[in-house]
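What the sequence shown shows, in the UniProt record's numbering, is residues 1 to 197, in sequence order.
Glycine included, C-beta positions come from ideal geometry on N, C-alpha and C.
Take a look at the structure set out below.
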Amino acid sequence: MNGAARTSTRDIARAAIRAELAEVASGLFRNKGFEQVTINDLAAAAGVSRSTFLRYVGSKEEAVLSAFDAYGEQAADALRARPADEDDWTALRRALDVVIAYHRRDPVSALATTRLVRNTPALCARLLEKQHGWRPMLARALAERHGDAPRPTPLALSAKAAAALGCLNIALDHWTASDGRADLTALLDEAFAALAG
1 MNGAARTSTR DIARAAIRAE LAEVASGLFR NKGFEQVTIN DLAAAAGVSR
51 STFLRYVGSK EEAVLSAFDA YGEQAADALR ARPADEDDWT ALRRALDVVI
101 AYHRRDPVSA LATTRLVRNT PALCARLLEK QHGWRPMLAR ALAERHGDAP
151 RPTPLALSAK AAAALGCLNI ALDHWTASDG RADLTALLDE AFAALAG
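Structure representation (structure tokens):
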């Protein structure tokens, strides 16, 4: 077995452990409340030491939000894959289907997590910070769709990316307020349409 395969196996195992710890943490947060749960509580519930929990997850916030880490890059990749003749706004909308897919896979859990994030200032702030990192990824992907990737990214493309993420957040707010009964895809389409016209 070569070094690359070992690294890959190690990364897969690490990701699986991290996901399991995050699942335990999310359940505890939903039952007791984010602020009431300590790192020691999380470690005990997961059956690991505090240091092991922190090594894999890093913080209480990351225990909840680590599931969202890949979405910025996934959305940027989806944006690059959109048809070249598709307008930027439509391409951005379709690129955000990767986030919608997360909510569709397990809507009950996604709703509980979204509600927890929306109702916990520390989590909400950290998610917005993560999304702030997604904006330049999306803007660069837009620039690449135009045939170049200038540095810095043009303001207009950054504004489009920021507006798209704003639409996503508004759609998620309305979806959460409906207790997940509203169609999240339709809400996101409606938010995008409001800015398109």
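One alpha carbon belongs to GLU20, the other to GLU73, and they sit about 22 Å apart. Taking 9 Å as the cut-off, the beta carbon of ALA164 is found no closer than this to the beta carbon of LEU127. Counting the other CB atoms within 10 Å of its CB gives ARG140 a total of 16 or more, which places it among the buried residues.
Distance check between LEU92 and each of THR120, ALA16 and GLY166 places GLY166 closest, using alpha-carbon atoms only.
Look at SER59 here: in three-state DSSP terms it is coil, with no helix or strand label. Fully enclosed alpha helix (DSSP H) runs of no fewer than 4 residues occupy 39–46, 50–57 and 60–65 of the UniProt domain "HTH tetR-type" (15–75), in order along the chain. A direct Cα-to-Cα measurement between PRO154 and GLY147 gives close to 13 Å. The beta carbons of PHE34 and ALA177 sit no closer together than 9 Å. Secondary structure at SER178: coil, using DSSP grouped into helix, strand and coil. Per DSSP, reduced to three states, the secondary structure at ARG151 is coil, with no helix or strand assignment.
Around GLU190, the same chain offers ALA171 as residues with beta carbons nearer than 8 Å, after the five sequence neighbours per side are excluded.
In the same chain as THR185, and ignoring 5 residues on each side of it, the C-beta atoms closer than 7 Å to its own belong to ILE100, in chain order.
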